[in-house]
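If you're matching positions, the sequence shown starts at 149 in our numbering and goes up one per residue.
Quick reminder that beta carbons are idealized off the backbone N, C-alpha and C, glycines included.
Written below as structure tokens is the structure these notes are about.
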Amino acid sequence: MNEDESHLRGLAIAHYVVGGFMILFACIPLIHTFIGLSVILGIEGMQQALAEGGEAPPAGWFGWLFFLIGLGAFLLGQAVSISVVVSGRFLRQRKHYWFSFVLACLACTFMPFGTVLGVLTIIVLSRDSVKGLYGIN
Numbered sequence: 149m150n151e152d153e154s155h156l157r158g159l160a161i162a163h164y165v166v167g168g169f170m171i172l173f174a175c176i177p178l179i180h181t182f183i184g185l186s187v188i189l190g191i192e193g194m195q196q197a198l199a200e201g202g203e204a205p206p207a208g209w210f211g212w213l214f215f216l217i218g219l220g221a222f223l224l225g226q227a228v229s230i231s232v233v234v235s236g237r238f239l240r241q242r243k244h245y246w247f248s249f250v251l252a253c254l255a256c257t258f259m260p261f262g263t264v265l266g267v268l269t270i271i272v273l274s275r276d277s278v279k280g281l282y283g284i285n
């Protein structure tokens, strides 16, 4: 096994590990989703309880804003995380060079591990010998 194949195999394993951690951390926005959902579902009850007098409950748009932003962040995080795992699979199979290259550029924005993984992947994929393994001239 030559050096390029060894580096690609190591990068594939690193993509699996970092992708797994990203999947885990992408679940954090679910907290906002559940807070928003509880505000949305609790407004009716709060309005009835406070109808006698007291402070007004928070506006309904506040709950929807929390819910939608949390859900959007969760879905975006999961999509990127799963793409990192898929990129690791493609690196192992020596397929879809540009998918892995573009995803490595995107992974650089996820500090600190995504940055390290992205930079190393870009360095390895930029070699002419690695491009030859993918059949790219």
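Host alpha helix (DSSP H) of residue i (start-end)
{"i": "K279", "result": "D276 to Y282"}
{"i": "S163", "result": "Looking at the sequence shown, residue 163 is not Ser but His. H163 -> alpha helix (DSSP H) spans E151 to F173."}
{"i": "F249", "result": "Y245 to A255"}
{"i": "F222", "result": "G208 to Q241"}
{"i": "I271", "result": "F261 to L273"}
Beta-carbon separation (whole angstroms), residue i vs residue j, contact threshold 8 Å
{"i": "F210", "j": "V187", "result": "6 Å"}
{"i": "S229", "j": "I171", "result": "4 Å"}
{"i": "C256", "j": "T263", "result": "5 Å"}
{"i": "F169", "j": "F261", "result": "7 Å"}
Pick from the options that is closest to residue i, judged by C-alpha positions
{"i": "W246", "options": "T269, G220 and G158", "result": "T269"}
{"i": "I183", "options": "S277, S154 and L219", "result": "L219"}
{"i": "I179", "options": "G262, K243, E151 and F215", "result": "F215"}
{"i": "S235", "options": "F222, A221 and V250", "result": "V250"}
{"i": "K279", "options": "M259, S248 and P260", "result": "S248"}
{"i": "E151", "options": "R275, H244 and I284", "result": "R275"}
{"i": "L281", "options": "R242, V267 and F258", "result": "R242"}
{"i": "Y164", "options": "I284, L265 and F258", "result": "L265"}
Cutoff 8 Å; reference residue i; Cβ partners in own chain excluding five residues on either side
{"i": "R240", "result": "L156, R157 and A160"}
{"i": "T181", "result": "F214, F215, G218, L219 and F222"}
{"i": "W212", "result": "G184 and I188"}
6 Å CB neighbourhood of residue i in its chain, flanking five on each side removed
{"i": "A174", "result": "G225, Q226 and S229"}
{"i": "G167", "result": "S229, V232 and V233"}
{"i": "L185", "result": "F215"}
Close Cβ partners of residue i (< 7 Å) along its chain, the five nearest in sequence each way excluded
{"i": "V272", "result": "H155, L156, L159 and V278"}
{"i": "H244", "result": "F238"}
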